[in-house]
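**Q** Chains A and Y are the protein sequences, given in the same order.
So for the first sequence, the numbering used here puts the first residue at 3; every next one is plus one.
So for the second sequence, the numbering used here puts the first residue at 3; every next one is plus one.
Got a structure here, written out as structure tokens. Questions coming.
Number of protein chains: 2
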Amino acid sequence: MTEIKIFCPATIANLNCGFDVLGLCLEGIGDEMIIRKVAEKGIRITKITGADLPLETEKNVAGVAALALLKATQSDFGFEIEIHKKIKAGSGIGSSSASAAGAVFGINELLGRPFTRHELVEFAMKGEVVASGSEHADNVAPCLLGGFTLVRGYNPLDVIRMESPSEIYAVVLHPHIEVKTSDSRAVLSPTIALKDAITQWGNLGGLIAGLYSKDYGLIGRSLQDVIIEPLRKKLILNFDQVKNSAHDAGALGAGISGAGPSIFALCKGQNSAEEVAFAMSNSYLDTGIPFDIHVSRVNAEGVRIK
Amino acid sequence: MTEIKIFCPATIANLNCGFDVLGLCLEGIGDEMIIRKVAEKGIRITKITGADLPLETEKNVAGVAALALLKATQSDFGFEIEIHKKIKAGSGIGSSSASAAGAVFGINELLGRPFTRHELVEFAMKGEVVASGSEHADNVAPCLLGGFTLVRGYNPLDVIRMESPSEIYAVVLHPHIEVKTSDSRAVLSPTIALKDAITQWGNLGGLIAGLYSKDYGLIGRSLQDVIIEPLRKKLILNFDQVKNSAHDAGALGAGISGAGPSIFALCKGQNSAEEVAFAMSNSYLDTGIPFDIHVSRVNAEGVRIK
């Protein structure tokens, strides 16, 4: 095997109560990558479609992640990477993570799997630095491991693939507005009230207990964010309306996907998700701003050969 | 049935990463209560041994909790309560909660169980006000439900009895020093750093995922507290030494029980717990301060008829 085609799924980070630690993997939305083993050493990005991204390996998320992996393997050959972006950059559903995770997953396959999916997270995080300036795992972890993931901590990196019920579907509404990463960070406060932190970790605990015990009611009651959402939602026109429409249509919960601007909802079953998607779309039409809407089952496998 | 004897177990709240939300129930340490159905309406505390506590119903934790329950049932008879304290007040292992939980549990049994154990939490919390000035559930919940519990939130009260592996044992070292509740509150800061909160909820998530998946390693890695312990440990002489001795002897983790001064450790299996208890005791001997040490399996059932 010298060439493989990879499906690199989109992901939702934070999930309201799990800022910077929780994420889940989507099924219906993702990039495609083609990775080719070649005689010439090093990593070359040979083609990018669907986005205006740098071809220089050291400036490209996938290139940097791939280099980190290659460095650890001391291979005497190299790889070419084609990236076909379907996940829009800056949408808040892990566009850069999909590229980073796809690159390390694909190369690892062509190398005969020297690393586990868990071990690949660390390499993919190196790619995230190019996109966001920091190594973080809350999108690359679900992309590589599938399902719902928890980043317990970074020193050392400790990523948990959690159990979850099989009937959870996600809806993602991506408004075509740009929210600069610098803006979505600037609205956050470096300190928070202890009482809000207690509320937040009660909900985080409830969400995880709900996932393991397959208690949809508990999952829904726990999908709350009293810390980040109140600050960031002002960057997303009609956020409250869309969120309320999701709840009214039967969603378990809804919130900001990653740093936004995408708005996500979790639902029990596909029918419910489609009703919720319809309600969220209707509610966003008022703005006159174009948007995409996606309905996706949670992807239990993560990035995979296509 | 007109009289029952109740075992009212001690509890450990917080468990490092779950300040104000997590708790667990102990097996080997607890009070005894005798509850008697009598013709005269109301609640009377007829006897207290082992502690200098008020006999006036309205000033007694058990009395106030019992009155709250009685009010909800409109009984045309009453109850007498005897309290035999074994859990020392102010030790940090839920002394007042044991009394509050025991009273409502016992009366509920004599009434033919009109309420579930979950429903009794709300009544027991009323008793906590007498002891601490606020309604909180992090000790009464594990006392009533057994095992590990999570208080997801208070509006409305939402208490979760979690799954956990069967071989967890707790060690509790109770130094005979007084830490005033006002002091243990005064050292806390009303605001915390967002980055510390993220570390804390990563660990809380890890602990809960570890409990459900019966992953002792993950439980151990998650038993950390970067927010409360650094502030409160200065009130407990030799805290770091005792904690380190627990880790060195093989404990999964260790920390402050509730608001202290008791120091707890969690261990896998009874043998490990006994080794840890020996090490913690040795480490505390230096202080010259008297102490008790307890080794207890986690109590899956909670408060019960004896």
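All C-beta atoms in this analysis are idealised placements derived from N, C-alpha and C, irrespective of residue type, glycine included.
The model shown is predicted, which means the values in this text are computed figures rather than measured ones.
#1: In chain order, which continuous runs of the alpha helix (DSSP H) of length 4 or greater are located wholly inside the segment 216-282 of chain Y?
#2: If I measure Cβ to Cβ from Ser166(A) and keep anything under 7 angstroms in the same chain, skipping five residues before and after, which residues do I get?
#3: Under 8 angstroms by Cβ, that's how I've got Arg209(Y) and Ile221(Y) pegged, so tell me the actual separation to the nearest angstrom.
#4: Candidates Ala41(A), Ser98(A), Asn62(A): which alpha carbon is nearest Gly260(A)'s?
#5: For Phe21(Y), go through chain A and note every residue whose CB falls closer than 7 angstroms to its CB, in chain order.
#6: Give me the residue from Glu124(A), Gly108(A), Asn205(A), Met35(A) with the minimum Cα distance to Lys88(A).
#7: When you compare the CB positions of Phe79(Y) and Lys49(Y), do they come within less than 8 angstroms of one another, or not?
#8: At a cut of 8 angstroms, does the segment 66-74 of chain A reach the segment 122-129 of chain A through at least three beta carbon pairs?
#9: By how many angstroms is the C-alpha of Gly257(Y) removed from the C-alpha of Cys231(Y)?
#10: Mind listing the chain A neighbours of Met35(Y)? Cutoff is C-beta to C-beta under 7 angstroms, in chain order.
#11: Does any residue of chain Y bring its CB to less than 8 angstroms from the CB of Thr13(A)?
#12: Thinking just about the alpha-carbon of each residue, which of Ile229(A), Pro192(A), Leu190(A) is nearest to the one in Leu206(A)?
#13: Leu206(Y) versus chain A: which residues are under 7 angstroms apart at the beta carbon?
#14: Would you say Ala195(A) reaches chain Y, if we count a Cβ-Cβ gap shorter than 8 angstroms as a contact?
#15: Which of the three DSSP states is assigned to Met35(A) in this structure?
#16: Please name the residues in the segment 146-170 of chain Y whose beta-carbon is closer than 8 angstroms to at least one beta-carbon of chain D, in chain order.
#17: Span of the alpha helix (DSSP H) holding Leu175(Y)?
#18: Check the C-beta distance from Asp54(Y) over to Ser101(Y) and give it rounded, since I have them as a contact under 8 angstroms.
#19: Do you know offhand how far Gly92(A)'s Cα is from Val174(A)'s?
#20: Rounded to whole angstroms, what is the Cα-Cα separation between Asp140(Y) and Gly25(Y)?
#21: Do you know how far the Cα of Leu196(A) is from the Cα of Pro192(Y)?
#22: Any beta carbon of chain Y sitting closer than 8 angstroms to that of Val224(A)?
#23: Under the assumption that Ile1(A) contacts Lys245(A) (Cβ atoms under 8 angstroms), give the Cβ distance between them as a whole number of angstroms.
#24: Would you say Ala211(A) reaches chain Y, if we count a Cβ-Cβ gap shorter than 8 angstroms as a contact?
#25: Closer than 6 angstroms by C-beta to Ile295(A): which residues in its own chain qualify, once you throw out the five before and the five after it? Chain order, please.
#26: In the segment 79-108 of chain A, which residues sit with their C-beta less than 7 angstroms from some C-beta in chain Y, listed in chain order?
#27: Give me the Cβ distance between Val181(A) and Gly262(A), rounded to the nearest whole Å; I'm assuming they're in contact under 8 angstroms.
#28: Could you name each continuous alpha helix (DSSP H) segment of 4 residues or more that falls completely within the segment 70-145 of chain Y, going from the start of the chain to the end?
#29: Any idea what DSSP makes of Glu165(Y), helix, strand or coil?
#30: Per DSSP, what are the beta-bridge partners of Glu5(A) in this structure?
#31: Which residues does DSSP list as the beta-bridge partners of Thr193(Y)?
#32: Pick out whichever of Val66(Y), Gly114(Y), Trp203(Y) has its Cα sitting closest to the Cα of Asn18(A).
#33: Assuming Ile45(A) contacts Phe81(A) under a Cβ cut-off of 8 angstroms, what Cβ separation, rounded to an integer in Å, is found between them?
#34: Using three-state DSSP, classify Ala302(Y) as helix, strand or coil.
#35: At a Cβ threshold of 8 angstroms, is Tyr218(Y) touching chain A?
**A** In short, the structure shows the following:
#1: The alpha helix (DSSP H) runs lying completely inside the segment 216-282 of chain Y and spanning 4 residues or more are 218-224, 231-234, 241-250, given in chain order.
#2: Here residue 166(A) is taken as the residue at index 164 of the first sequence, counted from 1. Counting only Cβ-Cβ distances below 7 angstroms, and skipping sequence neighbours, we find Gly149, Phe150, Leu213, Val300.
#3: Your numbering for residue 209(Y) matches position 207 in the second sequence. Your numbering for residue 221(Y) matches position 219 in the second sequence. A quick correction: the sequence has Leu, not Arg, at residue 209(Y). A Cβ-Cβ separation of about 6 angstroms places Leu209(Y) in contact with Ile221(Y) under the 8 angstroms criterion.
#4: Translated into the one-based positions of the first sequence, residue 260(A) becomes position 258. It is Ser98(A) whose Cα lies nearest to the Cα of Gly260(A).
#5: For the purposes of this step, residue 21(Y) is identified with residue 19 of the second sequence, where counting begins at 1. Within chain A, the residues near Phe21(Y) are Ile200.
#6: Here residue 88(A) is taken as the residue at index 86 of the first sequence, counted from 1. Nearest of Glu124(A), Gly108(A), Asn205(A), Met35(A) to Lys88(A), Cα basis: Met35(A).
#7: For the purposes of this step, residue 79(Y) is taken as the residue at position 77 of the second sequence. For the purposes of this step, residue 49(Y) is taken as the residue at position 47 of the second sequence. In this structure, Lys49(Y) does not lie closer than 8 angstroms to Phe79(Y) by Cβ.
#8: By the criterion of at least three beta-carbon pairs nearer than 8 angstroms, the segment 66-74 of chain A is in contact with the segment 122-129 of chain A.
#9: Position 229 of the second sequence holds residue 231(Y). Position 255 of the second sequence holds residue 257(Y). Note that residue 231(Y) corresponds to Glu in the displayed sequence, not to Cys. Approximately 7 angstroms, taken between the alpha carbons.
#10: Within the second sequence, the letter at position 33 stands for residue 35(Y). Residues of chain A passing the Cβ test: none, with the nearest at roughly 30 angstroms.
#11: The count along the first sequence starts at 1 and reaches residue 13(A) at position 11. Chain Y places no beta carbon closer than 8 angstroms to that of Thr13(A), leaving this residue out of the contacts.
#12: Residue 206(A) sits at position 204 when you count from the first residue of the first sequence. It is Ile229(A) whose Cα lies nearest to the Cα of Leu206(A).
#13: By 1-based counting over the second sequence, the position of residue 206(Y) is 204. Close partners of Leu206(Y) in chain A (Cβ separation under 7 angstroms): Trp203, Leu206, Gly207.
#14: Counting from one through the first sequence, the residue named residue 195(A) turns up at place 193. Yes, Ala195(A) lies at the interface with chain Y (some Cβ there is under 8 angstroms from its Cβ).
#15: Against the first sequence, residue 35(A) aligns to sequence position 33. In this structure, Met35(A) counts as strand in the three-state DSSP scheme.
#16: Absence of chain D from the displayed structure is noted, the protein chains being A and Y.
#17: Taking the first residue of the second sequence as position 1, residue 175(Y) is located at position 173. Per DSSP, Leu175(Y) is not a residue of any alpha helix (DSSP H); the beta strand (DSSP E) it occupies stretches across 170-177.
#18: One-based indexing of the second sequence puts residue 54(Y) at position 52. One-based indexing of the second sequence puts residue 101(Y) at position 99. About 14 angstroms separates the beta carbons of Asp54(Y) and Ser101(Y), which is beyond the 8 angstroms limit, so they are not a contact pair.
#19: As a first step, residue 92(A) is located in the first sequence; it is residue number 90 there, counting from the start. As a first step, residue 174(A) is located in the first sequence; it is residue number 172 there, counting from the start. Cα to Cα, Gly92(A) sits roughly 14 angstroms from Val174(A).
#20: Translated into positions along the second sequence, residue 140(Y) becomes position 138. Translated into positions along the second sequence, residue 25(Y) becomes position 23. Cα-Cα distance, rounded: 6 angstroms.
#21: Here residue 192(Y) refers to the residue found at position 190 of the second sequence. Here residue 196(A) refers to the residue found at position 194 of the first sequence. The C-alpha of Pro192(Y) lies about 5 angstroms from the C-alpha of Leu196(A).
#22: Translated into the one-based positions of the first sequence, residue 224(A) becomes position 222. Rather than Val, the amino acid found at residue 224(A) in this sequence is Ser. Answer yes: the Cβ-Cβ gap between Ser224(A) and chain Y drops below 8 angstroms somewhere.
#23: Shown here, chain A extends from 3 to 308; a query on residue 1(A) therefore has no answer.
#24: Residue numbering aside, residue 211(A) sits at position 209 when the first sequence is read from its first letter. It does: the Cβ of Ala211(A) has a partner Cβ on chain Y nearer than 8 angstroms.
#25: The count along the first sequence starts at 1 and reaches residue 295(A) at position 293. Annotation for Ile295(A): Leu175, Ala279, Ser283 place their beta carbon closer than 6 angstroms to its own, counting only its chain and skipping 5 residues before and after.
#26: Answer set for the segment 79-108 of chain A: empty.
#27: In the first sequence, the residue the question calls residue 181(A) occupies position 179. In the first sequence, the residue the question calls residue 262(A) occupies position 260. Indeed they touch by this definition, with Cβ atoms about 5 angstroms apart.
#28: The segment 70-145 of chain Y contains these whole alpha helix (DSSP H) runs: 97-112, 119-134.
#29: Within the second sequence, the letter at position 163 stands for residue 165(Y). Residue state, collapsed to three classes: coil.
#30: For the purposes of this step, residue 5(A) is taken as residue 3 along the first sequence, with counting starting at 1. Beta-bridge pairing links Glu5(A) to Arg38(A).
#31: Working through the second sequence from its first residue, we reach residue 193(Y) at position 191. For Thr193(Y), which the question treats as bridged, DSSP gives the partners Ala195(A).
#32: Counting from 1 along the first sequence, the entry for residue 18(A) is found at position 16. Sorting Val66(Y), Gly114(Y), Trp203(Y) by C-alpha distance to the C-alpha of Asn18(A) places Trp203(Y) at the top.
#33: Along the first sequence, one-based indexing puts residue 45(A) at 43. Along the first sequence, one-based indexing puts residue 81(A) at 79. Confirmed, about 6 angstroms.
#34: Your numbering for residue 302(Y) matches position 300 in the second sequence. When secondary structure is reduced to three states using DSSP, Ala302(Y) falls in the coil class, being assigned neither helix nor strand.
#35: Stepping through the second sequence from its first residue, residue 218(Y) is reached at position 216. Not flagged as an interface residue toward chain A: Tyr218(Y), since no C-beta distance is shorter than 8 angstroms.
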